[in-house]
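Sequence lines, in order, name chains W and S. So the first sequence is numbered by my numbering: it starts at 25 and just counts up by one. So the second sequence is numbered by my numbering: it starts at 2 and just counts up by one. Glycine included, C-beta positions come from ideal geometry on N, C-alpha and C.
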Amino acid sequence: MIAKLRSLRLTQRQAFAFLAIILALALIALLIYLLWLLSRGGFTSGGGAVVEGLRPIYVIDGPGEGEKPKFDRPMGVAYGKDGRIYVSDTDNNRVCVFNGRGQFLFEFGEFGVAKPLPGGEMSWVEGRMNFPLGIDVDDEGNIYVADFRNDQIQVFDREGIFLRRFPDPMQVVGKGASGQDGTGIAVTDVAVWDGKVYALDSYQVVVFTADGEFYAQFGKPGSGPGDLDRPNGIDVADDGTIYVSDSNHNRVTAFDQTGEVLWTLGEPIGEMAAEVEYVFGLPRGITVMSDGSILVVDAFEHTLSEATAQGDFVRRYGRRGTQPAEFNFPNAVDDNDDRIVVADKENNRVQVLELLK
Amino acid sequence: MGWLPELRQKALVAAAVAFIATLLSVSAAYAFDELTPPAAKGCPDCHGLESGFTSPTVAPTRKGPHGGYSAGTQKCGTCHTVHAAPPDGVLLLPKTTIKDTCFTCHDGTGGNGVYGVLNARGITPAAQHRIEVTNLVPGGDPNGDAKTKTFSAANGYLTCSDCHSPHDAETVSAFAGDRARTSTDTTFPLSPATNRLLKKQPTSSPWSVDQYGSSWCGGCHEGRMYGSAGVVNHPVETETAGFYYDNIVRVTGTDTNTTEMGTLGGNNFGYVMPITRSAQQSGHYPICQQCHEDSRNIGDVSPGQIAPGETFSVTTSDGQNAANNPRFQAFPHESENAYFTVEQNDDLCLNCHIPPG
């Protein structure tokens with residue numbers, strides 16, 4: 025065979041033709057590979073120009089493998105202490121986990137109904153979810169997921185193994201909450217701090233121990249100071265200050281550990297006139313940054329808003345769009361020293377960015 | 002051929018003029034900065050106000066980005082995006098379809114959900130106004146047959162904006178229903194009343210109505226109206242006769258034949274017709290919604306009346322109080338009962354009719 029090849033003599037024209045065929049085949053193979061690469065989800069480099077104070081680092085649009093390689097309206101994000109990124113992939117009823125470089129590690133969760141009506145199907149087993157929203161991670165790496173339509177919080181270890189759930193979605197919580205039928209809590213977001221779990225209900229903050237025992241609650245319907253209307257973001261600062269995105273009131277309220285109001289930033293938007301200056305269009309997710317300032321996702325302004333720990337507005341970051349550092353109804357944010365991660369809901373992606381103050 | 006040099010000279014001059022004109026126009030084009038909005042310009046300055054508005058209006062509160070736009074409003078950008086809309090979308094909206102755009106916010110996290118609240122409790126809806134999957138309207142033909150109509154979604158399918166105006170333009174008068182969506186809806190029947198952004202003239206309706214009632218439903222379901230040619234329907238009262246959702250005959254309490262004019266919302270007093278008919282009922286029929294609404298218990302101990310133990314009312318928003326009746330407030334989007342009837346089979350008929358003998 026080798027001897028035959030050695031004896032093969034090609035004219036210059038034939039050699040060029042042979043090379044051209046090889047190159048064409050290589051090009052076709054490359055194109056097929058690129059098409060496959062682009063069609064799958066997963067990590068994509070988002071490096072690029074600074075946009076309104078944000079430097080894109082990378083974008084994740086899904087695990088990039090399995091039956092559902094792409095996100096479907098991700099609404100919650102959290103950084104672990106080890107730099108892992110946890111994503112509530114809401115419409116897919118699962119949590120996806122990535123390493124600090126944005127590479128997919130594993131996922132857990134599928135659809136399950138935990139409190140069916142008579143005649144309805146009970147499909148919840150440990151780990152199944154029904155519209156997961158907010159997510160947070162404690163110092164041990166345990167993952168807390170707001171299982172919104174099941175009116176409960178689920179806790180998993182750092183490998184996604186179910187540990188426990190609370191409150192019991194069929195039981196009244198404290199003095200009462202907004203879970204369906206008045207039991208459980210209609211939980212939109214969770215924050216873990218100092219051995220306690222701070223959860224948002226439709227009109228209040230409900231505090232549990234990390235084991236799930238009811239501890240305290242504050243807030244109520246209404247429009248006065250400290251009243252809440254469908255809050256969607258909560259975080260706790262190192263000094264114990266609790267920050268809440270009071271979404272339908274278009275404001276952020278800071279509470280102390282007893283539930284007393286420290287300050288409020290923003291106010292309900294009553295009218296649409298151009299003359300009305302407002303701070304927040306629709307505040308949703310919120311995070312306390314390492315310097316103590318807070319970062320608020322504004323879903324209607326399609327930006328991130330920064331405020332000081334004292335409640336003074338600083339500036340907005342990002343803008344609306346589909347390019348890196350642009351957002352389309354973003355919903356959640358978390359901070360990891362020099363980086364932030366944003367659940368860019370309607371772009372069906374998560375963005376890792378550097379905030380340039 | 003002495004004229005040739007002259008012609009050439011003219012041609013050269015013309016070419017020079019054209020070149021300079023091109024340069025000027027190109028430089029003018031480059032001089033236009035499309036990223037900087039013109040001073041004191043708002044969306045309505047170019048697009049005009051929504052159809053139905055003759056002058057800038059001030060929005061009532063609680064409508065969010067829906068309606069009440071003044072000249073110079075900045076709220077168009079909440080939903081519409083000039084440069085970042087999906088290529089296969091419509092109206093520069095953030096999602097490909099109108100349904101998905103609506104669900105961007107109306108997912109249950111800012112108020113109670115529209116679609117999906119039954120599935121979240123393990124119940125498969127028995128009836129739905131199915132959006133973006135069909136344009137076949139039951140009873141859509143005046144002769145009573147189903148009829149294919151042309152709506153606003155792709156393929157002419159029915160979508161949210163065929164019944165609702167996201168701009169609150171040309172909408173029906175407010176009515177006090179029993180569907181509460183936010184914490185500010187704390188007085189039942191609801192106060193202040195809302196119009197649910199229902200259009201006076203839904204897509205395909207041959208007529209416009211001012212009130213929500215039978216005439217509104219009949220705009221699409223023409224063949225279900227009383228007196229429609231070629232088909233015999235249960236008689237219904239029309240807006241022309243002065244009967245609609247907020248102005249029906251209802252019993253004033255339990256065990257009584259006394260009636261009053263009032264809203265259908267808030268309790269089950271409007272769903273019975275006592276025997277003997279009161280003077281207010283005499284000669285009148287029910288409106289569509291007195292048989293087709295959210296599924297609920299009307300009471301059947303005393304046919305045509307509400308017994309003391311059968312008083313049901315709405316005390317809070319959607320499904321949070323298990324004792325509330327109706328339990329879910331999802332009409333006309335989805336229902337536990339077939340055909341969206343408040344009760345099923347004989348129970349429905351017996352609310353108004355007592356069998357002879």
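Counting only C-beta atoms, is residue i closer than 7 Å to chain S at any point?
i              : result
residue 328(W) : no
residue 370(W) : yes
residue 352(W) : yes
residue 291(W) : no
residue 202(W) : yes
residue 189(W) : no
residue 345(W) : yes
residue 206(W) : yes
residue 212(W) : yes
residue 275(W) : no
residue 298(W) : Because the pLDDT at residue 298(W) is just 47, under 50, the model does not fix this residue reliably, and the value given afterwards should be weighed accordingly. At least one chain S Cβ lies under 7 Å of residue 298(W).
residue 116(W) : no
residue 324(W) : yes
residue 137(W) : yes
Rounded to whole angstroms, what is the Cα-Cα separation between residue i and residue j?
i              : j              : result
residue 56(W)  : residue 114(S) : 43 Å
residue 155(S) : residue 88(S)  : 14 Å
residue 33(W)  : residue 58(W)  : 36 Å
residue 288(S) : residue 279(S) : 16 Å
residue 194(W) : residue 337(W) : 41 Å
residue 77(S)  : residue 358(W) : 29 Å
residue 41(W)  : residue 88(W)  : 39 Å
residue 347(S) : residue 340(S) : 14 Å
residue 256(W) : residue 292(W) : 15 Å
residue 337(S) : residue 120(W) : 34 Å
residue 57(S)  : residue 118(W) : With a pLDDT of only 36 at residue 57(S), under the threshold of 50, the placement of this residue in the model should not be trusted, and no figure is reported.
residue 259(S) : residue 303(S) : 14 Å
residue 332(W) : residue 247(S) : 49 Å
residue 145(W) : residue 323(W) : 34 Å
I'd like to know if residue i contacts chain W, where contact means its C-beta is closer than 7 Å to some C-beta of that chain.
i              : result
residue 32(S)  : In this prediction, residue 32(S) has a pLDDT of 44, which is less than 50 and means its spatial position is unreliable; nothing more can be read from the coordinates.
residue 326(S) : no
residue 359(S) : There is simply no residue 359(S) to check, as chain S begins at 2 and stops at 358 in what is shown.
residue 95(S)  : yes
residue 346(S) : no
residue 105(S) : yes
Under a three-way DSSP split, which group does residue i fall into?
i              : result
residue 34(W)  : coil
residue 173(W) : helix
residue 233(W) : strand
residue 124(W) : coil
residue 163(S) : helix
residue 271(W) : helix
residue 40(W)  : helix
residue 251(S) : strand
residue 268(S) : strand
residue 152(S) : coil
residue 204(W) : helix
residue 66(S)  : coil
residue 49(W)  : helix
residue 371(W) : helix
My guess is that residue i and residue j are in contact by the Cβ rule of under 8 Å, so how many angstroms apart are they, rounded?
i              : j              : result
residue 9(W)   : residue 199(W) : Absent from the model: residue 9(W). The displayed extent of chain W is 25 to 381, so no value can be given.
residue 156(W) : residue 172(W) : 7 Å
residue 366(W) : residue 101(W) : 7 Å
residue 219(W) : residue 233(W) : 7 Å
residue 148(W) : residue 158(W) : That pair is no contact at about 19 Å.
residue 289(W) : residue 268(W) : At roughly 11 Å, the Cβ-Cβ gap does not stay under 8 Å, so residue 289(W) and residue 268(W) are not in contact.
residue 202(S) : residue 220(S) : 7 Å
residue 251(W) : residue 243(W) : 7 Å
Determine the contact status of residue i and residue j, defining contact as a CB-CB distance below 7 Å.
i              : j              : result
residue 177(W) : residue 110(W) : no
residue 160(W) : residue 208(W) : no
residue 75(S)  : residue 202(W) : no
residue 249(S) : residue 271(S) : yes
residue 133(W) : residue 151(W) : yes
residue 260(W) : residue 217(W) : yes
residue 380(W) : residue 364(W) : no
residue 225(W) : residue 258(W) : no
residue 331(S) : residue 118(S) : yes
residue 97(W)  : residue 82(S)  : no
In chain B, what lies closer than 8 Å to residue i by C-beta?
i              : result
residue 256(W) : This model lacks chain B altogether; the protein chains it does include are W and S.
Comparing the CB of residue i with every heavy atom of the ligand GDP, is any distance shorter than 6 Å?
i              : result
residue 249(W) : The ligand GDP is not among the ligands present in this structure, which contains no ligands whatsoever.
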